[in-house]
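A.B. asks: Just so you know, the sequence shown maps onto residues 571 to 726 in my numbering.
Virtual Cβ for every residue (Gly too), placed ideally from N, Cα, C.
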Amino acid sequence: MAGAVESRLAELGLTLPAVVPPLASYQPAVRSGVYVYTSGQLPMVDGKLAVTGKVGAEVTPDEAKELAKTCALNALAAVKSVAGDLDRIKRVVKVVGFVASASDFTGQPAVLNGASELLGEVLGDKGVHARSAVGVAVLPLDAPVEVEVQVELDEV
Numbered sequence: 571m572a573g574a575v576e577s578r579l580a581e582l583g584l585t586l587p588a589v590v591p592p593l594a595s596y597q598p599a600v601r602s603g604v605y606v607y608t609s610g611q612l613p614m615v616d617g618k619l620a621v622t623g624k625v626g627a628e629v630t631p632d633e634a635k636e637l638a639k640t641c642a643l644n645a646l647a648a649v650k651s652v653a654g655d656l657d658r659i660k661r662v663v664k665v666v667g668f669v670a671s672a673s674d675f676t677g678q679p680a681v682l683n684g685a686s687e688l689l690g691e692v693l694g695d696k697g698v699h700a701r702s703a704v705g706v707a708v709l710p711l712d713a714p715v716e717v718e719v720q721v722e723l724d725e726v
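#1: My guess is that ILE659 and LEU723 are in contact by the Cβ rule of under 8 Å, so how many angstroms apart are they, rounded?
#2: At the level of alpha carbons, what is the spacing between VAL621 and PRO591?
#3: Quick one: give me the first and last residue of the alpha helix (DSSP H) that VAL666 is part of.
#4: Short of 8 Å in beta carbon distance, which residues of its chain neighbour VAL615, apart from the five on each side in sequence? Order them along the chain.
#5: Tell me the DSSP bridge mates of LEU723?
#6: According to DSSP, is LEU619 part of a helix, a strand, or is it coil?
#7: In its own chain, which residues sit with a C-beta less than 7 Å from the C-beta of PRO679, not counting the 5 before and 5 after it?
#8: Give me the Cα-Cα distance between LEU711 and VAL717, rounded to the nearest whole angstrom.
#9: Please list the terminal residues of the continuous beta strand (DSSP E) segment that includes THR608.
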């Protein structure tokens, strides 16, 4: 039976994906006390990237914003894999996003709004978080965006 968070995802027409398998030697998420830290999540869908390239060149900012939303969904799947239930999320503490950017692209915060807005839509006030949006030269697999999330769980 789906909890409140997964029911909210369904209301939004979204499905929690399977956890994206690691590309190297790391875990998708780890728990330390009441915190869960995800590894950087790429916008993988069914095991592959639909879009590659730099934002502001091969990828439009609007496309990248949607990809950041996919990253956030993948992060929620990673959180569930170690927390057991997304309803245990007390709050999203921090989101860090990386945007593979063309040399003159400066819209990283707007791209990362895709992830932040999704977390807010799904989790309400629990989804409000601190955030960093960083422009980088290149990301793994030539992904346009990567997102990592830190959440605090209820102690129960």
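C.D. replies: Reading off the structure:
#1: Right, the Cβ-Cβ distance comes to about 6 Å (below 8 Å), so this counts as a contact.
#2: Our two residues, VAL621 and PRO591, have alpha carbons roughly 18 Å apart in a direct line.
#3: Secondary structure note for VAL666: it is in no alpha helix (DSSP H), and the uninterrupted beta strand (DSSP E) holding it is 659-670.
#4: The answer, listed in chain order, is PRO587 and THR640.
#5: The beta-bridge partner set that DSSP reports for LEU723 consists of ILE659.
#6: Here LEU619 sits in strand by DSSP.
#7: When the five nearest sequence neighbours on each side are left out, the beta carbons in the same chain lying within less than 7 Å of the beta carbon of PRO679 are those of ALA703, in order along the chain.
#8: Approximately 14 Å between the Cα atoms of the pair.
#9: Bounds of the beta strand (DSSP E) holding THR608 are 605-608.
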